[in-house]
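Report on one structure; see the data block that follows.
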Amino acid sequence: MIFLDARSGFFTPLRPYLSFLVTPIQVVVNAPQQAISWGMEHLASREYLVSENQRLNQDVLVLRSRLQKLDSLRAENVRLRELLDASQQVEAKIIMAEVIGFDQNAYSHKIMIDKGFSSGAYIGQSVLDATGVMGQIVEAGAYNSRVLLIADASHFVPVQLSRTGLRSILRGTGDLKRLALMNVPHSADIKKGDVLTTSGLDDRFPSDYPVGVVKSVANIPGKPYADVEVVPLAQLERSRHVMLIDVPESQR
C-alpha cells in the first residue's frame, strides 16, 4: 500500500480519513507508555522535593544553632566587658577566674572556679563579679577552688548602708535571690532601694564593694527588729567570669 501510494498517489484522497481512524488507535497504544513516563517523572519529582525539604530543614537547624551560638557569644562579650569595666574600678590587685562547676542543694550554695593557690588564690579571699560581691573562697586546691556564695544559709557579710552609714550584718537565706539584713531597729532610717556595701569590719571583705539592694522593709509588731529583705547585686546564678580580690598577706 505504501508502494502503490508512493507511485500512484492512490491513497492520497483517503489520507485524512485514514488519519482520523488511526489516531485513536495510536492514542490507546501510547497511553500506557505515557502514563508510565508521567508516573516516573512525578515520582522522581516527589522524591526530589522530599529530599530537598529534608536538606532545607537540616540547613535551618544548622543556622539556628549558629545563631544561638552567636547570641551566646555576644552576651558573653557583654559580660566580659562589664567585668573589665568593674575590674578597672577595683584598686586592689585582682585575679580573673572562670566558674567551672556548681555545688548546690536546698540551702548550701557553692561554686567551683578554675584558680587555685598556684595562681594566688587563698582561703577567705573575696570573689566578685561585674556587679557585686559573690562570696568567699572556702577551699583552695592547686588548680581550682570552692567559693561559698553570699546566699548560702551559713554565710554572713558585714555591710553598711551607703546612704546613711548604718552598719549591720547581711546573712544568706539559702535563696539565691534573697538575703536578710540582721538586727535592724524599727527606728532605723532604711528604705526600699537603699544600696548595701561591704563595711570592711572583721577583715572578711575589703570595704565599699556593692553587695545588695534593699527590696522591702517590714516593721512587724512584737518583733524586736525590722524584717529587711535584700536582693544580691551579683549574678549568683549566671556569672561565668569572676574576680578574686588579692589583698596583702598582712591584711588577710
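One rule links them: number in the numbering used here = place in the sequence shown (from 1) + 1303.
Built from N, CA and C at the ideal position, the CB exists for glycine as well.
A Cβ-Cβ separation of about 10 Å leaves Val1514 out of contact with Leu1484 under the 8 Å criterion. Annotated as proximal: Val1520 and Lys1495, with beta-carbon spacing under 8 Å. For Lys1518, the enclosing beta strand (DSSP E) begins and ends at 1513 to 1521.
Listed as beta-bridge partners of Thr1501 by DSSP are Val1462. Under the 10 Å beta carbon count, Lys1396 is surrounded by fewer than 16 other beta carbons and is classified as exposed. Ile1523 and Pro1488 have their alpha carbons spaced roughly 11 Å apart. Here Asn1447 carries a coil assignment [DSSP, helix/strand/coil].
For the set Ser1490, Ser1411, Met1415, Ser1471, the Cα lying nearest the Cα of Leu1499 is the one of Ser1471. Per the coordinates, the alpha-carbon of Leu1482 lies some 6 Å from the alpha-carbon of Ala1454. In terms of Cβ geometry, Val1441 and Val1545 do not form a close pair [threshold 8 Å]. DSSP places Phe1420 in the helix class (H, G or I) of the three-state scheme.
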